[in-house]
Amino acid sequence: MAIITLAELVEDASRLGVSIGAIVRAREAEQSGRAEDDLNSDMQERLGVMRSAVSCGLRGVRSRSGLTGGDGPRMAAARLKVSTICGEPLDSAMAYALAVAEVNASMGRIVAAPTAGSCGVLPGVLLSVGERLCVDDSALVEALFTAGGVGAVIERSSTLSGAAAGCQAECGSAAAMAAAAAVQLAGGSPGTCSHAVALAFKGLLGLVCDPVAGLVEVPCVKRNATSVGLRLLLQTWLLPGSEASFLQMRS
Amino acid sequence: MKTIFNIIGPVMVGPSSSHTAGAARIGLAARAIVGGQPSRAVITLYGSFATTYAGHGTDLALIAGLLGMEPDDERIPDARRLAVESGLDVGFKIAEDSPDVHPNTAKLELEGPRGTTRTVVGSSVGGGSILITRIDHFKVDFSGESHAIVASYRDQPGIIAKITSLLATEDVNIASMRVSREAKHARALAIIEVDQPVSDEARALISRISGVDEVMALPPVSSD
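Which chain is which? The protein sequence lines are A and B, in order. Going by this note's numbering, the first residue of the first sequence is number 380, and it counts up by one from there. Going by this note's numbering, the first residue of the second sequence is number 846, and it counts up by one from there.
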């Protein structure tokens, strides 16, 4: 899919009065020769895999190494029983992100978004914010196209590989993608989405990849949850109108 | 060609796109190269595959691929038991040091369904993408993302011309091609990646070209 800069996506979306995701989907359709309805069903299927991974993780899983598992259900139970400091949607977002990352570590089925190691961030943010705002699946699907477009820009201008550029490339990118998606769900403009991307990177730039025993478990699983936390903080910050001093992503 | 579904995706069994999903694809490609379900496999792991395979399920994913499972198959964690059930005898070796190979590399020595033996070397090069770098003694270089024809033949003038003109009459478009040989006039191998599937008839016609020993038509190893 030919996406070069975030600025270009914002410009097209603003001019046509549509979301970044709508532009991304149209370009994918143009390049692949597939109908937009087909692309929507593929993305809907991925949303389904994300939901199944959340349910699976909340029932409780354990990794092959025994290093991770069980934090998702623990967080989910806590949000119902005790009055937590942050409340919703953060509590659910963290529970979902942990659940999905733990499913990944236990060799369960997930959507790499953008990578397997950072697979909890997008479902954590999208599903919790979606529940909070009562949006339908078509809005979540469009938000996933927005997230995908942001990921494509990052991949083109640098990398999504933690092995190559550290965790900033995985959880950092996932948080940036989720940031744009969630701001869109909350009614933010394409321009505000791009500020969310920039702010997410400001928060996570420099994050190293140094997992215990070389496994995608410690600190990866919990870092999915902290990335979700950072992401939701950004939304609170941006929607009143604050802006990031702009970080232009160009190759 | 990049698609958005490689950013929001692939759908896969965890925990690692390179150590798990890529490993399953190497297994799938090796299965196609040996012509179906192998009865025996000796797998040597190199580099990061050698040091972290247990925690990433690299061993299970390689076996699962040999059994024909895609990277999103939820039976991957059970691959060892399923291998026993389907009569695939697997052994693993850990390479002590791995000079000159990509960090995520596996060598699969396979005994195929009709007693054919093949050695396949593959690397997982990031995000679940793979490269097959060796088949038997031949250096190759293909990703498994397209249909491919692998033809072994006796090195002599005109063989490639005959294969490619046959493909042209079948309306099969060539995407990339690599030809190598053991020595002048010795055994040679052509890997031809193509845009369309190659029919059984076309494969049979190629295998009847004088000087051609064997022709494999490999389906793409799904990229998602």
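Cβ atoms here follow ideal geometry from the backbone N, Cα and C, with glycine treated the same way.
Secondary structure at residue i, three-state DSSP: helix, strand or coil?
i: Asn-824 (chain B); result: Lying before the first or after the last residue shown, residue 824 (chain B) is absent from chain B, which here runs from 846 to 1069.
i: His-982 (chain B); result: coil
i: Asp-934 (chain B); result: strand
i: Gly-530 (chain A); result: helix
i: Asp-515 (chain A); result: coil
i: Gly-971 (chain B); result: strand
i: Arg-430 (chain A); result: helix
i: Val-929 (chain B); result: helix
i: Ala-1020 (chain B); result: strand
i: Ile-921 (chain B); result: helix
i: Val-1066 (chain B); result: coil
i: Met-857 (chain B); result: strand
i: Glu-956 (chain B); result: strand
i: Arg-443 (chain A); result: coil
i: Arg-425 (chain A); result: helix
i: Arg-1048 (chain B); result: helix
i: Arg-1053 (chain B); result: coil
i: Thr-494 (chain A); result: coil
Have a look at residue i and residue j and give me their C-alpha separation to the nearest angstrom.
i: Gly-487 (chain A); j: Arg-453 (chain A); result: 19 Å
i: Pro-590 (chain A); j: Leu-618 (chain A); result: 35 Å
i: Ser-1055 (chain B); j: Ala-874 (chain B); result: 28 Å
i: Glu-390 (chain A); j: Val-935 (chain B); result: 55 Å
i: Ser-398 (chain A); j: Ile-852 (chain B); result: 18 Å
i: Ser-517 (chain A); j: Arg-610 (chain A); result: 22 Å
i: Val-597 (chain A); j: Ser-507 (chain A); result: 24 Å
i: Lys-952 (chain B); j: Ile-402 (chain A); result: 43 Å
i: Ser-630 (chain A); j: Ser-462 (chain A); result: For Ser-630 (chain A), the predicted structure reports a pLDDT of 39, less than 50, and the residue's modelled location is therefore unreliable. The matter cannot be settled from this model.
i: Ala-1031 (chain B); j: Gln-1001 (chain B); result: 9 Å
i: Val-482 (chain A); j: Arg-1026 (chain B); result: 46 Å
i: Ser-537 (chain A); j: Lys-1029 (chain B); result: 44 Å
i: Ala-577 (chain A); j: Thr-1009 (chain B); result: 51 Å
i: Arg-443 (chain A); j: Ile-489 (chain A); result: 16 Å
i: Ala-561 (chain A); j: Ile-939 (chain B); result: 45 Å
i: Glu-919 (chain B); j: Glu-990 (chain B); result: 22 Å
i: Ala-484 (chain A); j: Ala-557 (chain A); result: 21 Å
i: Asp-1069 (chain B); j: Ser-568 (chain A); result: The predicted position of Asp-1069 (chain B) is uncertain, since its pLDDT is 49 and thus under 50; no value can be drawn from it.
i: Met-846 (chain B); j: Asp-416 (chain A); result: Residue placement at Met-846 (chain B) cannot be trusted, given a pLDDT of 46 that sits under 50; what the coordinates show is reported in the next sentence. Looking at the two C-alpha atoms, the distance is approximately 20 Å.
i: Ile-980 (chain B); j: Val-514 (chain A); result: 52 Å
i: Ser-552 (chain A); j: Trp-616 (chain A); result: 19 Å
i: Gly-449 (chain A); j: Ser-471 (chain A); result: 15 Å
i: His-982 (chain B); j: Val-1024 (chain B); result: 13 Å
i: Leu-927 (chain B); j: Val-1066 (chain B); result: 21 Å
i: Leu-911 (chain B); j: Arg-925 (chain B); result: 11 Å
i: Gly-582 (chain A); j: Arg-404 (chain A); result: 28 Å
i: Gly-412 (chain A); j: Leu-539 (chain A); result: 26 Å
i: Ala-1047 (chain B); j: Val-1060 (chain B); result: 10 Å
Residue i lies in the alpha helix (DSSP H); which residues open and close that run?
i: Phe-850 (chain B); result: Taken as a continuous stretch (DSSP letters only), Phe-850 (chain B) belongs to no alpha helix (DSSP H), as it is neither H nor E.
i: Arg-488 (chain A); result: From DSSP, Arg-488 (chain A) is part of no alpha helix (DSSP H) but of the beta strand (DSSP E) over 488–490.
i: Ile-1008 (chain B); result: 1004–1014
i: Ile-878 (chain B); result: 867–879
i: Leu-911 (chain B); result: 903–911
i: Met-454 (chain A); result: 450–460
i: Cys-599 (chain A); result: 599–617
i: Gln-410 (chain A); result: 399–411
i: Cys-465 (chain A); result: It is not in any alpha helix (DSSP H) - Cys-465 (chain A) carries neither H nor E in the DSSP assignment.
i: Leu-539 (chain A); result: No alpha helix (DSSP H) contains Leu-539 (chain A), which DSSP labels as neither H nor E.
i: Val-562 (chain A); result: 550–564
i: Leu-395 (chain A); result: 385–395
Quick one, which of the options has its alpha-carbon nearest residue i's?
i: Ile-994 (chain B); options: B:His-864, B:Gly-880, B:Ile-871, B:Val-887; result: B:Gly-880
i: Gln-547 (chain A); options: A:Met-429, A:Val-504, A:Arg-535, A:Ser-497; result: A:Ser-497
i: Val-858 (chain B); options: B:Thr-896, B:Met-914, B:Arg-885, B:Ser-884; result: B:Met-914
i: Ala-899 (chain B); options: B:Ser-884, B:Glu-930, B:Gly-872, B:Ser-861; result: B:Ser-861
i: Val-595 (chain A); options: B:Val-965, B:Ser-893, B:Glu-954, B:His-901; result: B:His-901
i: Asn-949 (chain B); options: B:Asp-942, B:Phe-894, B:Leu-1050, B:Gln-882; result: B:Phe-894
i: Ala-408 (chain A); options: A:Leu-519, A:Arg-438, A:Arg-511, A:Phe-524; result: A:Phe-524
i: Ile-908 (chain B); options: B:Asp-942, B:Gly-892, B:Thr-889, B:Ala-869; result: B:Ala-869
i: Gly-620 (chain A); options: A:Ser-606, A:Ser-393, A:Ala-575; result: A:Ala-575
i: Gly-528 (chain A); options: A:Cys-572, A:Ser-431, A:Leu-586, A:Cys-599; result: A:Cys-572
Could you please give me the residues that DSSP links to residue i through a beta bridge?
i: Arg-1032 (chain B); result: B:Arg-999
i: Gly-585 (chain A); result: Gly-585 (chain A) is not bridged to any residue.
i: Leu-890 (chain B); result: B:Ile-939, B:Ala-951
i: His-992 (chain B); result: B:Val-1039
i: Leu-437 (chain A); result: Its beta-bridge partners do not exist; DSSP assigns none.
i: Ile-977 (chain B); result: B:Gly-967, B:Phe-987
i: Ser-1025 (chain B); result: B:Leu-1034
i: Arg-885 (chain B); result: B:Asp-934, B:Glu-956
Residue i lies in the beta strand (DSSP E); which residues open and close that run?
i: Asp-1058 (chain B); result: 1057–1063
i: Thr-1070 (chain B); result: Past the edges of chain B, shown from 846 to 1069, lies residue 1070 (chain B), and the structure says nothing about it.
Checklist entry - Which residues, in chain order, does the segment 847–861 of chain B contribute to contact with chain C at a C-beta distance below 8 Å? => result In the structure shown, chain C cannot be found, because the protein chains are A and B.
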